[in-house]
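Asks: Numbering (the working numbering), first residue to last: 853 to 1287.
Written as structure tokens, this is what we have:
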């Protein structure tokens, strides 16, 4: 970013890595930072820096080293040999967190699939469990001096075990892919049932730790887990929401985004991101108290573009205004007023400030589905339709007479069409409402 010290974004990414590691249950013994013009193809950091990392790990008795960059299989193997420690990279760490927090069957299958695809190219013949028999292969090539004798006894169970492991992983991958397809078909049926009565869906998106789950609870009066740990909520949560106009909508919480998320990991939380694809309105939630929230918001927009939903109606929500100084707050309020209806909404999901204004903005952003005022006379046997009129509309009065219920109600036009309510409308009472 212009005007920022060299290496500042990288240092912030390293701080984020420590938070990810804590979310995975690790205790941070120390960090090592390096700036270099180009990555070393063999060790990423170079031999000199590798010696420093090994010394730091030994001094702190740290059994695990986590790299903020994504390591190639060769780099990971070389670093493990040089440091005599287990080594993982950013992708492997995020997959571990996903594995801890996935609760739905599809979430668990998607994470396991991503883990297996990550592991497959990293299987080698190294290590006690898979080592080849015998010692080093000796000098010379296949036809050189020592080439034959040096290789005697090295072709054995180790190599067979490696191939067996690869075959088992590929078989497991095929089974998981079949299981995921089955779950997707089941979810498609559930969505089709849910869409039988049209309700606009609002998806909460934002950088991890932006306060989405707290906002979700404030809007829907739900009791979703709120945690400062990254990716504390991985599976999607959907709740009904009543808007100021009386319309009903569905509110969906999604997993927090993160910078430099490997594209392969997007499928690991496809279940929660599919709610974004279905959304009529997207709420882009930012932690405005974070001095770098604009950059994090940019990362969120990049992922939305990758998902193909960048053109969806979007409401910017600047959360945690209760943490701002009076001067900072005034600056953001001026920005919001200057941009008018398209500007950000300032809220505090923790204190409830700004929630009513946000609900009004959501109401305005949802596609128009005007409420209509009508008087219905429906048989009590139409229990499902009566329940949906109460749930999706606003019943003004109701009486029961001779096996029928008479209702004065305001109902969204789409619900009137889908439930064929015109069949039950008393003559002369059907009219359009501006509500």
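For each residue, glycine too, the CB sits at the ideal point set by N, CA and C.
Please state the DSSP three-state secondary structure of residue 1171.
Replies: Residue 1171 falls in the strand class under three-state DSSP.
Asks: With a threshold of 8 Å on Cβ separation, who are the neighbours of residue 967 within its own chain once the five nearest residues in sequence on each side are excluded?
Replies: Cβ within range, chain order: 947, 951.
Asks: Is residue 942 helix, strand or coil when you go by DSSP?
Replies: Residue 942: helix per DSSP, three-state reduction.
Asks: Can you tell which of 956, 931, 919, 954 has its C-alpha closest to the C-alpha of residue 941?
Replies: Comparing Cα-Cα distances from residue 941 to each of 956, 931, 919, 954, the minimum goes to 919.
Asks: I want to know whether the stretch 1135-1143 touches the stretch 1060-1075 - three or more CB-CB distances under 8 Å.
Replies: Touching, yes, given that three or more Cβ pairs across the two stretches are closer than 8 Å.
Asks: Enumerate in chain order the residues of its own chain whose CB-to-CB distance from residue 981 is below 8 Å, with the five nearest sequence positions on each side excluded.
Replies: Any reading at residue 981 must be qualified, since the residue scores a pLDDT of 43, below 50, and its modelled position is unreliable; no value is offered.
Asks: Look at the alpha carbon of residue 1230 and the alpha carbon of residue 1053, and state the distance between them as a whole number of angstroms.
Replies: Their Cα atoms are separated by approximately 29 Å.
Asks: Using the C-alpha atoms, what's the distance from residue 1166 back to residue 1059?
Replies: Near 15 Å, if we compare the C-alpha coordinates of residue 1166 and residue 1059.
Asks: Name the residue from 1129, 1262, 907, 891 whose alpha carbon lies nearest to the alpha carbon of residue 1244.
Replies: Looking at the Cα atoms, 1262 is the closest of the given residues.
Asks: What do you reckon, are the CB atoms on residue 1266 and residue 1215 nearer than 8 Å?
Replies: Result no, Cβ atoms of residue 1266 and residue 1215 do not sit closer than 8 Å.
Asks: Taking DSSP as the reference, what is the three-state secondary structure of residue 1106?
Replies: Here residue 1106 sits in coil by DSSP.
Asks: Return yes when the Cβ of residue 1226 is within less than 8 Å of the Cβ of residue 1257, no when it is not.
Replies: No.
Asks: Between which two residues does the beta strand (DSSP E) containing residue 1144 stretch?
Replies: That residue, residue 1144, is in no beta strand (DSSP E); it is neither H nor E in DSSP.
Asks: Using the C-alpha atoms, what's the distance from residue 926 back to residue 1177?
Replies: In a straight line, the C-alpha of residue 1177 is about 49 Å away from that of residue 926.
Asks: By the 10 Å Cβ neighbour count, where 16 or more other Cβ atoms means buried, how is residue 1027 classified, buried or exposed?
Replies: So residue 1027 ends up on the exposed side.
Asks: Please tell me whether residue 1089 and residue 1057 are closer than 8 Å, where the distance is taken between their beta carbons.
Replies: No, the Cβ-Cβ distance between residue 1089 and residue 1057 is not below 8 Å.
Asks: Whose CA, out of 893, 884, 1242, 924, lies closest to the CA of residue 912?
Replies: Among 893, 884, 1242, 924, the Cα nearest to that of residue 912 belongs to 884.
Asks: Closest to residue 1092 by CA distance: which of 1196, 955, 1072, 1111 is it?
Replies: It is 1072.
Asks: Taking its Cβ as the centre, do 16 or more other Cβ atoms sit within 10 Å of residue 880, making it buried, or is it exposed?
Replies: With fewer than 16 Cβ atoms within 10 Å of its Cβ, residue 880 is classed as exposed.
Asks: Excluding sequence positions up to five away, which residues of its chain have a Cβ less than 7 Å from the Cβ of residue 963?
Replies: Answer for residue 963: 947, 950, 951, 954, 1120, listed in chain order.
Asks: Given 8 Å as the limit, is there contact between the stretch 889-904 and the stretch 857-867, that is, 3 or more CB pairs closer than that?
Replies: No: fewer than three Cβ pairs fall under 8 Å.
Asks: Under three-state DSSP, which class holds residue 1225?
Replies: DSSP places residue 1225 in strand when its eight states are reduced to three.
Asks: Within 10 angstroms of its Cβ, does residue 1279 collect 16 or more other Cβ (buried), or is it exposed?
Replies: Exposed, because fewer than 16 other Cβ atoms sit within 10 Å of the Cβ of residue 1279.
Asks: Here's the rule I'm using: 16 or more other beta-carbon atoms within 10 Å means buried, otherwise exposed. How should residue 1139 be labelled?
Replies: Its Cβ being crowded by 16 or more others within 10 Å, residue 1139 is buried.
Asks: Rounded to a whole number of angstroms, what is the C-alpha to C-alpha distance between residue 1149 and residue 1235?
Replies: Cα to Cα, residue 1149 sits roughly 46 Å from residue 1235.
Asks: Rounded to whole angstroms, what's the CA-CA distance from residue 1201 to residue 1218? Just pull it up for me.
Replies: Looking at the two C-alpha atoms, the distance is approximately 21 Å.
Asks: Who are the Cβ neighbours of residue 915 in its own chain at under 7 Å, not counting the five residues just before and after it?
Replies: 937, 938, listed in sequence order.
Asks: Counting only the same chain and skipping the five closest in sequence on each side, list residues whose C-beta sits under 6 Å from that of residue 1290.
Replies: The structure shown has nothing for residue 1290, since the chain only spans 853 to 1287.
Asks: Which residues mark the beginning and the end of the beta strand (DSSP E) in which residue 1247 is found?
Replies: Start and end: 1246-1253.
Asks: Please determine, among 1153, 1128, 1143, 934, the residue with the shortest C-alpha to C-alpha distance to residue 1175.
Replies: Of the listed residues, the one whose Cα sits closest to residue 1175 is 1143.
Asks: From this set, 1061, 1141, 1055, 1111, which residue's C-alpha is nearest residue 1101's C-alpha?
Replies: Per the Cα distances, 1055.
Asks: Which ranges does the beta strand (DSSP E) cover as unbroken runs of at least 3 residues, wholly within the stretch 876-904, from first to last along the chain?
Replies: The qualifying runs do not exist here; there are none.
Asks: Check whether chain C comes within 8 Å of residue 1171, counting only Cβ atoms and requiring the distance to be less than that.
Replies: In the displayed structure, chain C is absent; only one protein chain is listed.
Asks: Can you give the Cα-Cα distance for residue 1153 and residue 943, rounded to whole angstroms?
Replies: For residue 1153 and residue 943, the distance between alpha carbons rounds to 21 Å.
Asks: What do you reckon, are the CB atoms on residue 1260 and residue 1248 nearer than 8 Å?
Replies: In this structure, residue 1248 lies closer than 8 Å to residue 1260 by Cβ.
Asks: Exposed or buried, what is residue 904 when buried is set at 16 or more other beta-carbons lying within 10 Å of its beta-carbon?
Replies: Exposed, because fewer than 16 other Cβ atoms sit within 10 Å of the Cβ of residue 904.
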